[in-house]
Each structure stands twice: as structure tokens, then as C-alpha cells.
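Residue numbers (my numbering), protein chains in the order written: chain V, 11 to 550; chain B, 1175 to 1396.
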């Protein structure tokens, strides 16, 4: 791998060798790479399910898989992508690697707990994979009762246990980040000197800490209901299945922000570096992350507009949901304002950042559509909703994740990726993404319901467009996979600070030494103060 | 690795600069963890509140069938265990190894007493057909389903509380072994402190569970 390069200097990759040195490592940088490997695997598993779904939907008849199999496909696509890819994605890889470095710490506060988090994700993932191989699960990723507790004959218990265990991975990562940010900052690293990536991961951690346990207990109760036949959500006993929905969405709506907030943090870094300007309205962007985390807990009821929730509750939740638009818009406007009179370069990470800003804006604005009671009744459980949240999750989070991965790749591996190929893949992904999901807005508005594998003939054109887009998107995702691996051996050797960035992670060699810094840093400047950077910018 | 041996004697891990920073981080970590626990139990308290509101008469009746005397005894047992835990923390602060060991053993014994009483209580429920399922029957009401909801919540809440007690006993045992090996000093007693926080938390959960489950209808003089 990277070790093939003749590098004399000791760093975290060549400090020790062997499988054991990785599987028992307490180094947050190595754990980040373990996560990277794991979630990439899950990304391609989830992607395989998506591929089968899109192929099935090429024709109006159900002629590739049976409806039962189709139910399992979309369930497992959702479960894998949400719980085993998106939630750990940016925090557990880029966050794990760079959060301690950005605040000038040698490691996270609890390195052993950090390793435990990874093992929990792996154990949870194996449980879920076992369920998939044994026959799959067909409840939808939302596990609505009473279908999940009473009627489904599929592997609900194993999948639920997998999610439960992975949930603790998420909780412990959040706990570790919060304590690290509070207690491990380098001298001079005040709260308002922290890079915005740290702020957004901090806000994410708060959601993980407060939300995930509620999902955990909900899953435990579903588990008990299936295994011990107690009845908490069972309508036959007078239990209320909608209570399950309340508890599920109390976590799963904030979970959307677990997925997208770290992405916003990445974008704040990218927009600043590649326009060589401090982020406009730093404090507003920082607090908007916290505001999103707080507001995220007050809006879960907008998933229950058609689930017998009272009209008044619906109105309140609709009203509160609009508030999320305020901090989200603050971010988008401030990123845009940052660009103003900036020295903008169109390096690959910046292309992803532009992609994010545009797609997140579409995803966010359509979020306002579905937050309004009248329109939501029309588009509930249609492809409009599917398109909306894929614009946030795929167009937002994955764009930011890939942007961040490119941006920090030189620091992680000590090698540059091939710029031309990378720009091409960013373009392919952007086009493929829009071709896949934009037609779904139209489909949904015309009435195509989600979770069906047959549909009326007149929807076929749009479905074919969407499937065509998905194939383009798949090529776009495979390209970085190939050239990232290629770059490990053949990439240009990276300098300590190839982008001329200001973060502490760039003030140490690439790849970083085991304890991150040869000399512990003392911070004397605000974040994004480009007057302090004297180094040359290589690409731009 | 050169200064690792040195770090070992001070029990200072390499990511920290000072012992104070390490202690602060561990303590904050436990407090944050306890917040996650509040949210975890909070989910069940929410369900309990909703169902108790909808089905109050049946919940009151089902609550009366619980053995409040045994519940009260267990409450006293747990309160005493928290007291011995505090004394254990105090002993470790003063570097009194023997006192620390004695108080940890007392805490552990009280924990086992609680679990024993709990097991006795659950066994009673099986004999009285108060366990949700096909054989469930609660005297005095036609609403057997709603009564099962109460007992489902009873078993879920006391069961998960008992699981936390088992974990707590595991922590006490580990602390006991460490204390026996003379690992703790007045400068380094964070594990005792943090373990104590956890123990008190589990105690507090019971302080809420006891009146909510056992005493719904007692004030009416039944």
C-alpha cells in the first residue's frame, strides 16, 4: 500500500505493521481508516440493493423479482444505507481522523471506547448481514408496528438487534467527540477559534447522544414484543402502534441531521479554503449547526401527518418544521457570501461543495413542500418524498463526504489523487444524481407511490430516465474507488499543506505522525485566517 | 513508548496532558453517558405516562396487585447501597484501602439483595398469571388487554432496570479487584468516582419506578 513508497519518516501508517496493529489500535487515525473500509463495504452492499430496485423498475410489470423480494430489497437498501453508511459516514471517518487534529489534540478523549465503537458497528453490521443472507427483512427501514411486531415473517429480530448494536457505536462516538471538544482543546483553541467542521460534528454528537437512546429503547421494546410476546404497541391489547411512530421519528428525524450536519461542516471548510476567505459570519454558521440540532428534536410529528395525529398537532409540527429552514438558509447564504470576491479555484473538493450547495438547496426547499400539511397529504408515501430525502442524503451528505475525502486524502495517505479524473467523476456523479432523482419528483407528484414494484405504463419513461441516471451514478461512484486505490501507489507525494489551508491538521506532515503533531500546537489566530499561510498552493 | 512506563505508574493515559484533565474528561464522559441513559429510560417513561393516562382505572387496579411492601424494602435496600457507595468513594479519596474494600463489598451485597428480591417478585408474577401472554389473568377487571399493557411495561421497565443493576454489580466487582490490587490512590480514584455516579443513577431510576409502578392507587387508601 502506501508503505511501498520510500519514506524514511515515521508516521501513523508505518509506525507498526500487521493485522493486530490495526485491529487493536487505539489511534483515532487508524480507527478512522477501519471505519472508512467498513462503511465503503456497506455503501456498495446498499448500492447493490439500489441497483436491483432500479433494474426492477425499468418495466411497469414486476418481472425481475417478486413483490415479497422487492419489499426486502428496499428495506435492506434503507437499513444498510441509513444505519451502516450514512450515520457513521462523515463523523466516524473524517470526524474521527480530523476532529482531534483540528483542535490540536493527540487523540480522542477515550481511544479504547473509540475502538469499541468500531467493533460495535462491525458486530451490528454482521448481524444485519446475517439477516439479509438468511432471508432478508421486509418491514421497510422504519419497522412500523404492528407489522414488524406481529405479522412479518422475516428476519426482523436479527436486523433490529444489528441496528441496536450499531446505535451504541453511534452513541459512543458522539460521547467521545463531546468530551474531546470540551476537554482536549490545545492552548489558545477557544470555542470560537474552532473550525466549523468541529462545530458541526459537535452539534451532531449532541443529537447522537440525545436521540439514539430513544431509538435503542424502541427497538428493545419491538424486540421484546416479538420474542416475549409482551404487548406495548399491540392494538389487540389496547396498545397504540402510532406511539411507535412517535418514538421512532423522535430519533429518526434528528437522525437526518446526524447525517447532514457533518456534511455541512465539510462544506464550510471547503468553501473557505477554495475561495481563500474566512467563512462569512462564522458565529452564525457555528450556531446554526446547534440550532439545527435543537430544532431537529421538535419536528418529528411531520412524519405523522397522515397517521391519525390530531390536526392541531399537525399544524404545530408543520409550523415548527419551517423553522429548520432558517439555520439551513443561514448556512447556504453564508457559504455563498463567502465566495463573494474570493479567489475561487475549481479543485475537485470545491466542485463537490458547489454540488452540495445546489442539491441541498433543492432538497431543503422541497422539504418545505412536504412540511406543509396540504401538499404533504398529496405527496405522502410517493416518489416525491423519496426524491426529497435523496437530495439531502445523497445529493447532500454523500457529495460532502466525497468532497471531504478528496480534500483530506493527501493528509490521510500522503498522496495526491489524480485531479483530472477526480473532476470528471465529480461531474459524472452530479449529472448521474440529477438524472436519477429529478424524475422522481415528477413521478411522485403524478402519484407514483413508494414501495411498489409495479406501476401504470405512463410512468415508464420517467422510471427509465431514473434508472439510466442510476447507472451513470454507479459509474461515478466506482471512479473514485479506482483512482483512490491507484493513488496510494502512483499518486504524487503530498506536501504538508497542499491546499494552503489554515486548519491545525495541515500544520503537521502528511501523513501525520502517531501523536498527530511533532510539537504540540499553540493557537494564536482565528480559524480561516489566510494571512498566516505562507505556503504555496499546488492545485487550483 | 519510552514514557509509557512512566505514564503507567501515574495512570495517566498518553492522550492527556495532566491528571486533572484526565479526571475531568472521565467524569464528563460518565455524565454524558448518564444523559443517554435518561433518554433511554425516558422512552419507557413516556409510554408509561401515555398508557396510564388512557387506561387509568385498569392501571390503578393492576398497580394494587403489586406487592408494595416488597417494593418499599427494595427501595430501602437501594438507598442503603447508595450510602455505602458514597462511603466507598470517600474512603478512596482518603486512601483508606480497607474501608474502600469493605464498602464496595457492602454495596455489592446490597445490589445482590435487590436482585434477589426482584427475582422473588417476578416469580410471584408467574404464579399469579400476571405475566403477559396466553395465560394472563388479572382478577377484578374485564379489560385483560389493558392490564397486560401495564404488566408489559412493568416487566420492560423493571427488567431493564435490573439489567442495569447487573451491569452495576459487574462494575463493583471490577472496582473491588482493582482496589484489592492497590490500583487506587487519593490522586487516582476516578474509576471509583465514575462507577459511583453510575450506581447512583441506577438507584435514582428505581426511585422513580417505585412510586410510578407500585403506588398509583395507594393514596386512595386501598
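Ideal placement from N, C-alpha and C gives every residue a C-beta, glycine not left out.
Asked, Found
"Do you know offhand how far residue 1220 (chain B)'s Cα is from residue 258 (chain V)'s?", "13 Å"
"Can you tell me the Cβ-Cβ gap for residue 370 (chain V) and residue 402 (chain V), rounded? I've got them flagged as a contact below 8 Å.", "7 Å"
"For residue 181 (chain V), I'd like the list of residues in its chain whose CB is within less than 7 Å of its CB, leaving aside the five on either flank, ordered along the chain.", "218, 219, 222 and 223"
"Compare the C-alpha of residue 1255 (chain B) against each of B:1392, B:1381 and B:1360 and name the closest.", "B:1381"
"So with CB distances below 7 Å, who are the chain B contacts of residue 121 (chain V)?", "1189"
"Starting from residue 1264 (chain B), trace the alpha helix (DSSP H) in both directions and tell me its first and last residue.", "1242 to 1267"
"Can you tell which of V:487, V:423, V:531 and V:512 has the C-alpha that lies nearest to the C-alpha of residue 522 (chain V)?", "V:423"
"Which bits of chain B does residue 224 (chain V) rub up against, with CB to CB less than 9 Å?", "1213, 1214, 1216, 1217 and 1220"
"For residue 117 (chain V), go through chain B and note every residue whose CB falls closer than 8 Å to its CB, in chain order.", "1188 and 1189"
"Do the CB positions of residue 95 (chain V) and residue 133 (chain V) come within less than 8 Å of each other?", "no"
"For residue 1206 (chain B), which residues does DSSP report across the bridge?", "None; residue 1206 (chain B) has no bridge partner."
"Exposed or buried, which one is residue 1189 (chain B) when buried takes at least 16 other CB atoms within 10 Å?", "buried"
"Between the segment 1250 to 1267 of chain B and chain V, which residues of the former have CB atoms less than 8 Å from a CB of the latter, in chain order?", "none"
"Could you check what DSSP says for residue 1175 (chain B) in three-state terms: helix, strand or coil?", "Reliability of the predicted coordinates at residue 1175 (chain B) is poor, the pLDDT of 37 falling under 50, and no value is obtained from them."
"What is the residue span of the alpha helix (DSSP H) that residue 297 (chain V) lies within?", "292 to 306"
"Please give the ranges of any beta strand (DSSP E) in the segment 1301 to 1380 of chain B, keeping only runs that are unbroken, at least 3 residues long and fully inside the region.", "none"
"Rounded to the nearest angstrom, how far is the Cβ of residue 472 (chain V) from that of residue 452 (chain V), given a contact under 8 Å?", "6 Å"
"Using 8 Å as the limit for Cβ to Cβ distance, is residue 1322 (chain B) near chain V?", "yes"
"Mind pulling the chain B residues with CB within less than 7 Å of residue 246 (chain V)?", "1319"
"Just to confirm, are residue 455 (chain V) and residue 394 (chain V) a CB contact at a threshold of 8 Å?", "yes"
"Just grab the DSSP bridge partners of residue 309 (chain V) for me.", "In the DSSP output, where bridge partners are listed per residue, residue 309 (chain V) has none listed."
"Just to confirm, are residue 200 (chain V) and residue 109 (chain V) a CB contact at a threshold of 8 Å?", "no"
"Please classify residue 459 (chain V): does DSSP put it in a helix, a strand, or coil?", "strand"
"Measure from the C-beta of residue 1176 (chain B) to each C-beta in chain V and report whether the shortest distance is under 8 Å.", "Residue placement at residue 1176 (chain B) is flagged as unreliable, the pLDDT there being 39, under the threshold of 50; the coordinate-derived value follows with that caveat. Not closer than 8 Å to any Cβ of chain V, the Cβ of residue 1176 (chain B) fails to qualify, so no."
"In this structure, does DSSP put residue 392 (chain V) in helix, strand or coil?", "strand"
"Closer than 7 Å by beta-carbon distance: list the chain V residues that pair up with residue 1206 (chain B), in chain order.", "185, 188, 189 and 219"
"Check whether the segment 1276 to 1291 of chain B and the segment 1310 to 1328 of chain B are in contact - that is, three or more C-beta pairs closer than 8 Å.", "no"
"DSSP state of residue 503 (chain V), grouped into three classes?", "strand"
"Out of V:481, V:68 and V:150, state which residue places its alpha-carbon closest to the alpha-carbon of residue 460 (chain V).", "V:150"
"In chain order, what residues of the same chain lie with their CB nearer than 7 Å to the CB of residue 538 (chain V), ignoring the 5 residues before and after it?", "282, 288, 289 and 512"
"Among V:30, V:194 and V:169, which has the Cα closest to the Cα of residue 531 (chain V)?", "V:194"
"Output yes if chain B places a C-beta closer than 8 Å to the C-beta of residue 231 (chain V); else output no.", "yes"
"Compute the Euclidean distance between the alpha carbons of residue 211 (chain V) and residue 268 (chain V), then round it to the nearest angstrom.", "9 Å"
"Tell me the DSSP secondary structure of residue 425 (chain V) in three-state form.", "strand"
"Residue 379 (chain V) to residue 396 (chain V), Cα distance in whole Å?", "13 Å"
"Name the two residues that bound the continuous alpha helix (DSSP H) containing residue 256 (chain V).", "251 to 283"
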